[in-house]
Amino acid sequence: MLHELQAASTHLLGHGIVEPEIGVILGTGLGNRFVKEIKNPITIHYNSIPHFPIATVEHHKGKLVYGTLKGKKIIAMQGRFHYYEGYSMQQITLPVRVMKMLGVKRLLISNAAGNLNPKWKKGQLMLIDDHINLQPDNPLRGENFEVLGPRFPDMSRPYDKSMNKKLTSIARKLDIKLNEGVYVGVMGPNLETRAEYRFLRMIGADAVGMSTIPEVLVANHMSLPCCAISALTDDCDPDDLKPTNLSEIVTVAAKAESKLTDLLIGLIKAL
Ligand code: HPA
-12 MLHELQAAST
-2 HLLGHGIVEP
8 EIGVILGTGL
18 GNRFVKEIKN
28 PITIHYNSIP
38 HFPIATVEHH
48 KGKLVYGTLK
58 GKKIIAMQGR
68 FHYYEGYSMQ
78 QITLPVRVMK
88 MLGVKRLLIS
98 NAAGNLNPKW
108 KKGQLMLIDD
118 HINLQPDNPL
128 RGENFEVLGP
138 RFPDMSRPYD
148 KSMNKKLTSI
158 ARKLDIKLNE
168 GVYVGVMGPN
178 LETRAEYRFL
188 RMIGADAVGM
198 STIPEVLVAN
208 HMSLPCCAIS
218 ALTDDCDPDD
228 LKPTNLSEIV
238 TVAAKAESKL
248 TDLLIGLIKA
258 L
């Protein structure tokens, strides 16, 4: 694996991706405006990067965009890899490890998630304060490479306190409602049943999604501070559940994108 990380990093360095400071992972329907804000962009499609997972139909647009934003060197992933697509946990988290190898000091993550909290509504945002991992595998399973991080990484605070504090204060200034809560990660690809949503509420989750946690585990393993924001795309009320599909999720995410982008740009400026 170390060899693969090296090969991917060397390739990207050779294409002008030099000393990025901030890594950004953009979730479903959440990246278009953000990427447009990047100045002097260098775009590299996942397909052309050694050892990046082979792109599926879903990823024909998947790319890394490098450039500057608010004077900071940014590397953004437009489109991420999910476990439900059939990749291994190590494959879907490889880009995060490569970003760290290239020099990234902080990781900003976004995702689309189902809203489990009855006090909130779809279309709003949630800052992830903590998570529950219900995914059936772990990117840190297997041989541990001490050069990357410890065998048993601490998870007492997986989301960086100071970035979260900054985001809360930026949201207040911009008059954006930013809920705060617990994200539960599931494998998918199916959405949940009413009984499953009821269960997820009972165990203390506020939002449910199929991504993010593997990336956060790998980031914490490497002592890479990270933060994550969910765009709540559907209300998961077990007593009044409406059918949902991807196109509705993408439509609601697109509506939340503008607020989310304002928060991310505000944070990048403040870092
Ligand atoms: N469940 C799981 N993942 C999701 C959902 C959901 O309801 N909405 C968006 N991503």
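Quick note on numbering: this note's numbering labels position 150 of the sequence shown as 137, and the sequence is numbered without any gaps.
From the three backbone atoms N, C-alpha and C, an ideal C-beta is built for every residue, glycine too.
In this text the structure is predicted, and so the values were computed from the model without any measurement.
Residues of the same chain with a CB within less than 6 Å of the CB of H118, apart from the 5 flanking positions on each side, are Y170 and I200 in chain order.
If you look at R93, you'll find it isn't in any alpha helix (DSSP H); it sits in the beta strand (DSSP E) that goes R93 to N102. A residue is called buried when at least 16 other Cβ atoms come within 10 angstroms of its Cβ; V134 does not meet this threshold and is exposed. Judged by the Cβ position, T220 qualifies as a neighbour of the ligand HPA at the 6 Å threshold, a heavy atom of the ligand being closer than this. Straight-line spacing of the CA atoms in I61 and M113 works out to 23 Å. The Cβ-Cβ distance between L228 and R188 does not fall below 7 Å. The nearest non-hydrogen atom of the ligand HPA is 6 Å or more from the C-beta of G90.
Closer than 6 Å to some heavy atom of the ligand HPA: that does not describe the Cβ of C214. Less than 7 Å separates the beta-carbon of D222 from that of K109. In the DSSP assignment, no residue is bridged to M174. Per the Cβ contact rule, the segment 207 to 214 is in contact with the segment 143 to 163 (3 or more Cβ pairs under 8 Å). Judged by pairs of C-beta atoms under 8 Å, the segment 193 to 209 touches the segment 87 to 104, as three or more such pairs exist. Taking 6 Å as the cut-off, the C-beta of G1 does not count as close to any heavy atom of the ligand HPA. Taking F68 as reference, the option from T80, I29, K59 and D141 with the minimal CA-CA separation is T80.
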